[in-house]
Each structure stands twice: as structure tokens, then as C-alpha cells.
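2 protein chains.
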Amino acid sequence: MTKIEMDDMIAAIATPFGEGGIAVIRVSGPGVLKTVEPFFVSHEESKLSDAAANTIHWGKFIETSGLPIDQVLVSIFRAPRSYTGQDVVEISCHGGLAVTKKILGLLLGSGIRHAEPGEFTRRAFLAGKLDLTQAEAVLDLIHAKSDRSLEIAIRQLSGSLSKTLQEVKDELLRLLAHMEASLDFPEEDLEVDVKTGMQRQFGSVRAKIHSLLSGFERNQLIREGILVTLVGKPNVGKSSLFNALLERDRALVSDLPHTTRDPLEEALEIKGFYVRLRDTAGLISTPEHPLDKMGMDRTLEALRESHVVLCVVDGSVPFEEADRHVFNHIPKDKKILALINKSDLPLRVNLTELESLMGDRPRIGLSAKTREGFKELETKIAGFLEMKMVETGEQITKLRHKKALERASEALRRAEQSFREKLSLEFVTPDLHEALESMRELTGEVYSEDLLDVIFSEFCIGK
Amino acid sequence: MTKIEMDDMIAAIATPFGEGGIAVIRVSGPGVLKTVEPFFVSHEESKLSDAAANTIHWGKFIETSGLPIDQVLVSIFRAPRSYTGQDVVEISCHGGLAVTKKILGLLLGSGIRHAEPGEFTRRAFLAGKLDLTQAEAVLDLIHAKSDRSLEIAIRQLSGSLSKTLQEVKDELLRLLAHMEASLDFPEEDLEVDVKTGMQRQFGSVRAKIHSLLSGFERNQLIREGILVTLVGKPNVGKSSLFNALLERDRALVSDLPHTTRDPLEEALEIKGFYVRLRDTAGLISTPEHPLDKMGMDRTLEALRESHVVLCVVDGSVPFEEADRHVFNHIPKDKKILALINKSDLPLRVNLTELESLMGDRPRIGLSAKTREGFKELETKIAGFLEMKMVETGEQITKLRHKKALERASEALRRAEQSFREKLSLEFVTPDLHEALESMRELTGEVYSEDLLDVIFSEFCIGK
Chain A
1351 MTKIEMDDMI AAIATPFGEG GIAVIRVSGP GVLKTVEPFF VSHEESKLSD
1401 AAANTIHWGK FIETSGLPID QVLVSIFRAP RSYTGQDVVE ISCHGGLAVT
1451 KKILGLLLGS GIRHAEPGEF TRRAFLAGKL DLTQAEAVLD LIHAKSDRSL
1501 EIAIRQLSGS LSKTLQEVKD ELLRLLAHME ASLDFPEEDL EVDVKTGMQR
1551 QFGSVRAKIH SLLSGFERNQ LIREGILVTL VGKPNVGKSS LFNALLERDR
1601 ALVSDLPHTT RDPLEEALEI KGFYVRLRDT AGLISTPEHP LDKMGMDRTL
1651 EALRESHVVL CVVDGSVPFE EADRHVFNHI PKDKKILALI NKSDLPLRVN
1701 LTELESLMGD RPRIGLSAKT REGFKELETK IAGFLEMKMV ETGEQITKLR
1751 HKKALERASE ALRRAEQSFR EKLSLEFVTP DLHEALESMR ELTGEVYSED
1801 LLDVIFSEFC IGK
Chain B
1351 MTKIEMDDMI AAIATPFGEG GIAVIRVSGP GVLKTVEPFF VSHEESKLSD
1401 AAANTIHWGK FIETSGLPID QVLVSIFRAP RSYTGQDVVE ISCHGGLAVT
1451 KKILGLLLGS GIRHAEPGEF TRRAFLAGKL DLTQAEAVLD LIHAKSDRSL
1501 EIAIRQLSGS LSKTLQEVKD ELLRLLAHME ASLDFPEEDL EVDVKTGMQR
1551 QFGSVRAKIH SLLSGFERNQ LIREGILVTL VGKPNVGKSS LFNALLERDR
1601 ALVSDLPHTT RDPLEEALEI KGFYVRLRDT AGLISTPEHP LDKMGMDRTL
1651 EALRESHVVL CVVDGSVPFE EADRHVFNHI PKDKKILALI NKSDLPLRVN
1701 LTELESLMGD RPRIGLSAKT REGFKELETK IAGFLEMKMV ETGEQITKLR
1751 HKKALERASE ALRRAEQSFR EKLSLEFVTP DLHEALESMR ELTGEVYSED
1801 LLDVIFSEFC IGK
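Keeping their order, the protein sequence lines are chains A and B. Counted the way the numbering used here counts, the first sequence spans residues 1351 to 1813. Counted the way the numbering used here counts, the second sequence spans residues 1351 to 1813.
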């Protein structure tokens, strides 16, 4: 898809693929009401093309031969007050595969084109209904796996990130206007307070961009999930803990399909966070079987990727060299939590020894059997995450955002440096223009078709 | 679920499970507008509970704290002009798992109950919006796998089966009224033309019931799919044909014999029919490996279940005892079609020999490589089916329908026999009442909660 048209009619099934109560087929473009009209016999005997905006009509969807296909509800939206800004018809039919295919097929046979992925949202963007970061938020919202990621996506979609970005652009514009107005004066003639004012403006816009950039990694964790890995010597009950943790949240887990990336990884939600919990092969000091060796390599890899490591110790037996061995393999920059498992049995592990190894890292006594300590564990995990997540205003969510902001930041740095070195303002403004241009690319005021292709190709068809 | 309430509010996600552009959450019951209202901030600043019927409202779905969850469209339907006959609110949100779960969760936390499977349609039935066969057609429509099954389901949903059933009931009622009016007269006093008239009525209603019953098996094939099985000695190219018919590489094709051990089944649509195509392990006379033996047992089972058998012969080699062996294993009551494969190579099979075995059963020369003969094959398969499918008016679709009609038919037979034997009409009418009762159960004029439970438990939640 390169240059795509805006003035033709497009249609697609907008609901998820599969059988369900309802499916919705969305049609957008000039003339859709007239085009859909012959396929619809309203129970009210009124014409679709006469229908008022934002009204719903009940009737039969029929073939040209008059053969009914389904009983449907047809929703009418009129330009410009629609999702795409064009006339839009949404056909809500029964959610069967044959029936939706049939209805879509009839529409596609009458001058309507099948929509490309994300094309409805692309039209909304081109019609100025939302900026590019908002369009991207639509995708984040659909893919959101937890309350936190949902929250960020809806805030971005509602335009609060756009507002912050607009503020940055406004400040850059003001600074530029200021400078361009002063261009006629030689640098040394600039009044001190004018210079100070400009210096303050530089500082303000720099701080805003910096704050946006610092939120990026945090956001990535929220969107893509926090890796929590269970590790320990063999037979300390890692897998029982793994299962018990999942069991506790079975409903939540089953609501998150296709999130598992590895046979040993399961998704769950802990206090609103999307967590990817990993079980690992036991870490042993002298693997003999090649399969054990492979398992250990994978465990070490999982440890390196993790954000939080749960180091499991069997509390019912004395501390062993093997436990020390496990601990030594955990990268020390990770958040580490010691789990003293089997708390339903008498405690025989030497806590002092453990402490000498773990330092003041938190530890929890718990039992996969009795579920003792599970609440505390979840609170602790969420605590780690909340520490990382402390909010600092608006947040960017995409690598694209980060790169555009970094370009803007770098151009701004150069401009500020030239300004400080008291170079003529002519040498300062090009960098400021570049910073502004980067910001405009970020929000999509400036865009290439290629960029739109990349962004919208990630969308599902029908959005 | 036993006795379920009608006067409370229910909600469920009505669209298929998964990620997509749109998801729809349906809410029904008295008071839903007032209940959903606090969660919705309309962009038009109007109140949901004041909204006109059949209108759509754009706004934000919010938590009680005011935190936005999504931008949504809310559709308002008012009793009795809604699917369930009650006030209905449909919330069309972004089709993400977290966002739909969140919105549903908020509704369920405010006095709305999660709907049971099929409960919306159950309410529609209880409100008299559709009869029981129409409610069942909703499910058929959603599960329809081909244009034919879709056609039957929509006809049934539109009420044309209901109309025929009503005619049967009307005729039974008329016959009963006739008889009860004549009860005062001794049998021998009935005028000849009155008796002839009754006899004619018996015949008419009997014919109608019989015609409905005869459509049942046909319909089952249309709905559940026609089993077409590929069979042949090893290495005649069954799997290549299977793949070529599916137009993708589902079966593992290799030059080695016995590659296929499990009957593979794939669905496809041939000229509007839903076909379940099966590939099988080659039938050999002396299986040596136990796995081959198992494969053969499965092949024989697949053959027994099939409606159509495609017997594949390699046309590029002479006819063998092994081919004869295969043919002998095909149950002779099946529709059998000989496929002379590899028509791209010189023909070396002896057609006379084949004929002596196959008789006048149709045969087609075809090639999985060049796709020669494929059109003919599809026409032939559809031809078999169309023979079976010749339409004779309205069609019942469920075992429940069949059983009710059989009960009605049997009661009618007894009534007619008593009438013929000139028994007093008092002995005739109880059987007629029973026939009528069966018909009423069929359409749901008479029903038990248990029956509704069985019927609606097959539905998806949200329908």
C-alpha cells in the first residue's frame, strides 16, 4: 500500500474473528448510504439515505434477488461527525462466519473496497479527527493487557499526551518567533532580560522533553509486561509456586490468551500490572545430562531478561551450597525477593546464612500448599513495580516517539549551546526549526505515506 | 440454571472473544439506562436516560472516580422495541480484552448480573418476540458454515417455518373444533360430506407433517456438513488431491507411501455446500506395522461415516489387486466417485477393469498437479448433494423438532385410525389434542424451564 485513496468506499468486519452473538461490519466513504440502501429493507419502511445521523434502523439485509441474509441493525453516522469524518454505516448482524462473509461479500461486489488494516483510523487521522499519537493509542488500547496499560492508552487517546506535545511545540514556536524578531539586532545588542527570558524558555522546553523521554522505559514495562522469574535449586517447589500463583488468578489468566511466549511462561495480572511469570529449570552446579545443561542455559537467559527474580529456598531443609550457587547466578542489578517455601513444614533453614547471602533484600515465608504468604508476595511484587512506575506527567509509548523526541532534544541542545556561545541567532534558529520539525513528525502534522503505512499496517482490519 | 428472572438487568460481551476493532457489550433489563448513565459522559452533554429510542451517542465510558476507560458509542433501545423487548443499552467500545473486561466489570459491580448463555434470546422468546424455532434459528445462523445452511437458518428465523407450523396447528384446531361440534351426534348420524371433509383434513395435516419430517435428514447434512472421504491404495496421490482441493498444504505430502496415518479433516465450501473433506491412510491388504494397522482401522471408520467416497486410482500405472482391495472395503450404499489421478501422465490404467469393479458409477480423470478435472469433480460432488437436497417446502432443523413432529404424527395416525374405524369421536379427539400439544411444544407455546435451559445453554454468552 503506498498512496491510498480517501474518496472511495471501504468496508471490513470490525469485530474479532470468530462466532459470537453480534458481528459489526463497518463501511465508510462518500456515498455509502446510497450504496448500502438496496441491501436493506427497513422494518420502518424508511430509506437509509434519508435517515438522520446517529440513528439505528432494524431490518433485513437482503441479496439483490431479495433473498434475506440476516436480520440486522444498521447504524447511520454522517460526515463529519463520524469516526472517519466521512459518512459511515455500521451493520450489526449475527456473529456467524458465513453470515458476516456473505454480507461483506455483497458489499464488496457493489463498488466498495475491502479496507486495509487500520484504514478507518487512518482516515480519521487524515480528516484531523485525531493526531498520530492518538491513532497509535487506539492500537495500544486494543492490545492493552492490564488496567495500567489501558489507563495509559486511553489517556493518550483522549489527547492528554497530544496536549503536552502541543505545549512543547508552542514553546519552541514562541522561542523561534522571539529569536526571529531579534535577528535584526546584533547579538551584543540584545537586552539582558531578553536573553534571560530566552534562556528560561530553553530550560522549560528542555525539561518537558526530558520528562517525556524518561517515561518511556516505564511505559514499555507496563505495555509489554513485567518479567518475573522463579529460580532455585531443583525440588524446592518452584513449579508448585508457579501453579499456585496462577491458580489464584485463574480467571484473570484465562482472560489473557496468546500472551504466553514460552512453554514456561504464563501471564497474570497482579494489582493492575501485566506480569509474565516464568518458571525455570532448577539451577544445579554440575549438570551431567546435556538436557540439564540446556535447561540451565535457558534459566540463565531468563534471569538476564527478568525485571524481578523470585529466589526460592526450601525452608524445611538446611541451607545448602546449592542454594548459594543459585543465588550467585542472579544478576545483582535485578530486583530480588527470597521466597522461603514450604512454610507449612517446620522451619529448618538457617536464616542467618540466608541473610549473609541476600543482605537486606526482602524475604517472605510462604507455602504453595496452604497459600500462606501469597498476599504478601503479590503486594511486594506490585510494590517493586509501583516504585518504578511513579508517575511524572504524560508518557510516550513508542520507539517512534522516543526517536523523534531524541532528535528534537539533540537539536535543542545544539541550539542552546550556540545560544550560550553567543553565536549569532542565525546559527541558532535552524536547530530550533529542526527540533520543531521533529515534534511535528511526532504528532503527525508532518508525515510521509511510508510512515503511515508502517503505523497502520500493525492495526487489525476493520479498525 | 432453573427458573431464571426476567426483571433484573443482565450484561455480557456480545461480540466474539478476541482482539478486534470493536467489541459490543449488551445490557438488558428494566432500569438499564439509569444504571449505565453514571458511567457515560456524552460528548453531546445529554443524559442517556433522556435519549430517544434507536439513537447512538458518542462519549467516554468512565469509572465512578471519573477516570476514562474508553471512548465508546452507546446505542439506546427502548422497550418493547428492542431485541429482548426490554430497555437495552449496547456499548460499542474498542475491541481489546482488558478494555472490554474492565467495562463489563464496572457494569457487573453496579447491580447488573452477568447474562447466562443465550439469555438475551431467551428474554426475546419470553417476551413473544420470536417463537422457539426462531430462537433456535438464531443459533443455527451463527453456526452456519455455508450459504445453504445460512439460507435455511435465516428463513427459519424470519418465521417461515413458524408459519408452516402455525398452519398445521390451525388445521388441527379446525379439525378438533369440527369434531367437538359433532360430538353430540352419534357417529352414524354424521353426514357423509362432513365425514369426507374430516377425512380430507386428516390427509392434509398428515401430508404437511410428513413433508416437514422428510426434510430433516437433508437439513442435518446441510448444517453439519457432508463428509467426503478420499480413499485409495498407498501412493496414488490422495494427499496431493486433498491439498489441491483445499488449495493449501494441510496434509503432509511426501513421496514415501504411508505418510498419512490419521484421517485429516478440513472444511471447505463447494457450490454453497459445507463439505468436510477427509484424507485417509492408504488401504493395504497386509499391514505389517501396528501403526499401519491402526491407520487402516481409522480409514474404515471414516468410510462408514462418509456420505460421499472419492476412490482414488493412479491412472499412470496398471490396475492392481491393491486397487480392487480398496474398492471392496467401501460400503456399497455410499455415493462413490472414481478419481483417476495423475492425468498429466500417460494413461496406463485399464479402464475396462475399473469399470468391471465400479459399474456405472461416475469417474473423473484429474491431476493434482495441473488441476485438470477439478471443476468437474466439484460439480459432481455438488450434484450428489443437490439430488439429496431437492427442496420440498419448509424444513425442520433439530432433533427436538423431529421428535415433536413424530409424536404429533403418531398421535394423528391413532386419531385417524380411530376415525376410520368409526369409533365414537370421543375416542378420536384425545389423540388430536395430543398432536396439537406436540405442535405447541415445538413452537414453544407450551414449554418447560428445563427445555429452555437445554436450548439456550447451547448459545454463546451475549446472544
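Glycine included, C-beta positions come from ideal geometry on N, C-alpha and C.
Please report the residue range of the alpha helix (DSSP H) in which residue i lies.
| i | result |
| --- | --- |
| H1493/B | L1482 to H1493 |
| S1425/A | Segment P1418 to F1427 is the beta strand (DSSP E) holding S1425/A; no alpha helix (DSSP H) there. |
| S1378/A | That residue, S1378/A, is in no alpha helix (DSSP H); its beta strand (DSSP E) goes G1370 to S1378. |
| H1679/B | Run containing H1679/B: none; DSSP gives neither H nor E here. |
| A1880/B | Coverage of chain B is limited to positions 1351 through 1813, which leaves residue 1880/B absent and any answer about it impossible. |
| E1567/B | V1542 to E1574 |
| I1453/A | L1447 to L1458 |
| N1691/A | Counting along the chain, N1691/A falls outside any alpha helix (DSSP H), though it belongs to the beta strand (DSSP E) covering K1685 to N1691. |
| L1614/B | Segment L1614 to I1620 is the beta strand (DSSP E) holding L1614/B; no alpha helix (DSSP H) there. |
List the residues of chain A that residue i touches, going by C-beta distances under 8 angstroms, in chain order.
| i | result |
| --- | --- |
| T1365/B | T1365, P1366, G1370, G1371, I1372, A1373, V1374 and G1445 |
| K1452/B | D1497 and L1500 |
| T1405/B | N1404, T1405 and I1406 |
| P1310/B | Residue numbering for chain B in the displayed model covers 1351 to 1813; residue 1310/B lies beyond these limits and cannot be assessed. |
So with CB distances below 7 angstroms, who are the chain B contacts of residue i?
| i | result |
| --- | --- |
| G1812/A | G1370 and G1371 |
| L1563/A | Correct list: empty, because the minimum Cβ distance to chain B is about 25 angstroms. |
Chain B partners of residue i, CB-CB under 8 angstroms?
| i | result |
| --- | --- |
| N1862/A | Nothing in the structure corresponds to residue 1862/A, since chain A is present only between 1351 and 1813. |
Classify residue i as buried or exposed, calling it buried when 16 or more other Cβ atoms lie within 10 Å of its own Cβ.
| i | result |
| --- | --- |
| E1774/B | Inspection of the sequence shows that residue 1774/B is occupied by Ser rather than by Glu. Classification of S1774/B: exposed, given that the 10 Å Cβ count is below 16. |
| G1370/B | buried |
| D1357/B | exposed |
| D1664/B | buried |
| G1547/A | exposed |
| E1816/A | Summary: the structure shown does not reach residue 1816/A, with chain A confined to residues 1351 through 1813, and so no result is reported for it. |
| H1608/A | For H1608/A, the predicted model reports a pLDDT of 32, less than 50, meaning its position is unreliable; a value from the coordinates is still stated below. It is exposed - the Cβ of H1608/A has fewer than 16 other Cβ atoms within 10 Å. |
| G1709/A | exposed |
| A1364/A | buried |
| P1467/B | buried |
| M1644/A | exposed |
| T1742/A | With a pLDDT of 49 at T1742/A, under the threshold of 50, the modelled position of that residue is not reliable, and the figure given next carries that caveat. Per the 10 Å Cβ criterion, exposed. |
| S1807/B | exposed |
| D1683/B | exposed |
Could you tell me which chain A residues have their CB closer than 7 angstroms to the CB of residue i, listed as they occur along the chain?
| i | result |
| --- | --- |
| Q1421/B | L1507 |
| V1488/B | H1444 |
Please go through the same chain and pick out, in chain order, the residues whose beta-carbon is closer than 8 angstroms to the beta-carbon of residue i, but skip the five residues on each side of it.
| i | result |
| --- | --- |
| R1498/A | I1572, G1622, F1623, Y1624 and M1739 |
| S1693/A | G1665, G1715, L1716, S1717, T1720, E1722 and G1723 |
| A1362/B | I1375, R1376, L1454, H1464, A1465, E1469, F1470, I1811 and G1812 |
To which residues of the same chain is residue i closer than 7 angstroms at the C-beta, ignoring the five residues directly before and after it?
| i | result |
| --- | --- |
| F1367/B | none |
| A1401/B | H1407 and I1426 |
| K1397/A | E1387 |
| L1802/A | R1472 |
| A1652/A | T1579, R1628 and T1630 |
List, in chain order, every chain B residue whose beta-carbon is nearer than 9 angstroms to that of residue i.
| i | result |
| --- | --- |
| V1449/A | L1491, I1492, A1494, L1500, A1503 and I1504 |
| S1693/A | What S1693/A touches in chain B: nothing, since even the nearest Cβ is about 33 angstroms away. |
| S1425/A | I1406, L1423, S1425 and S1442 |
If you drop the 5 nearest sequence neighbours on each side, which residues of the same chain put their C-beta closer than 6 angstroms to that of residue i?
| i | result |
| --- | --- |
| F1819/A | The requested residue 1819/A is not part of the displayed model; chain A covers only 1351 to 1813. |
| A1594/A | A1718 |
| S1759/A | I1559 |
Over what stretch of residues does the beta strand (DSSP E) that includes residue i continue unbroken?
| i | result |
| --- | --- |
| A1758/B | Segment L1749 to R1770 is the alpha helix (DSSP H) holding A1758/B; no beta strand (DSSP E) there. |
| F1390/A | F1390 to S1392 |
| H1340/B | The question about residue 1340/B has no answer here: the residues shown for chain B are numbered 1351 through 1813. |
Check whether the Cβ of residue i lies closer than 7 angstroms to any heavy atom of the ligand GTP, and answer yes or no.
| i | result |
| --- | --- |
| S1378/A | Absence of the ligand GTP from the depicted structure is noted, as is the absence of any ligand whatsoever, leaving it without description. |
Query raised in the report: Hey, is the region 1743 to 1754 of chain A in contact with the region 1763 to 1781 of chain A, meaning 3+ C-beta pairs nearer than 8 angstroms?
Result: Using a C-beta cut-off of 8 angstroms, the region 1743 to 1754 of chain A makes no contact with the region 1763 to 1781 of chain A, since fewer than three inter-stretch Cβ pairs fall below that distance.
Report task. Could you tell me whether the region 1785 to 1795 of chain B touches the region 1513 to 1521 of chain B, using the rule of 3 or more Cβ pairs below 8 angstroms? Result -> Yes, the region 1785 to 1795 of chain B touches the region 1513 to 1521 of chain B.
Query - Inter-stretch contact at 8 angstroms, needing at least 3 Cβ pairs: the region 1527 to 1536 of chain A / the region 1724 to 1734 of chain A - result: No: fewer than three Cβ pairs fall under 8 angstroms.
Query - Touching by the beta-carbon criterion (3+ pairs, under 8 angstroms), the region 1775 to 1788 of chain B and the region 1571 to 1591 of chain B - result: No: fewer than three Cβ pairs fall under 8 angstroms.
Requested in this report: Count the CB pairs spanning the region 1549 to 1561 of chain B and the region 1575 to 1583 of chain B that are closer than 8 angstroms, and state whether there are at least three.
Outcome: The region 1549 to 1561 of chain B, when compared against the region 1575 to 1583 of chain B, does not touch it at the 8 angstroms Cβ threshold.
Query raised in the report: Does the region 1378 to 1394 of chain A come within contact of the region 1385 to 1393 of chain B, defined as at least 3 CB pairs closer than 8 angstroms?
Result: By the criterion of at least three beta-carbon pairs nearer than 8 angstroms, the region 1378 to 1394 of chain A is not in contact with the region 1385 to 1393 of chain B.
Query raised in the report: Does the region 1414 to 1431 of chain A come close enough to the region 1492 to 1511 of chain B to have 3 or more Cβ pairs within less than 8 angstroms?
Result: The answer is yes - the region 1492 to 1511 of chain B touches the region 1414 to 1431 of chain A, with three or more Cβ pairs under 8 angstroms.
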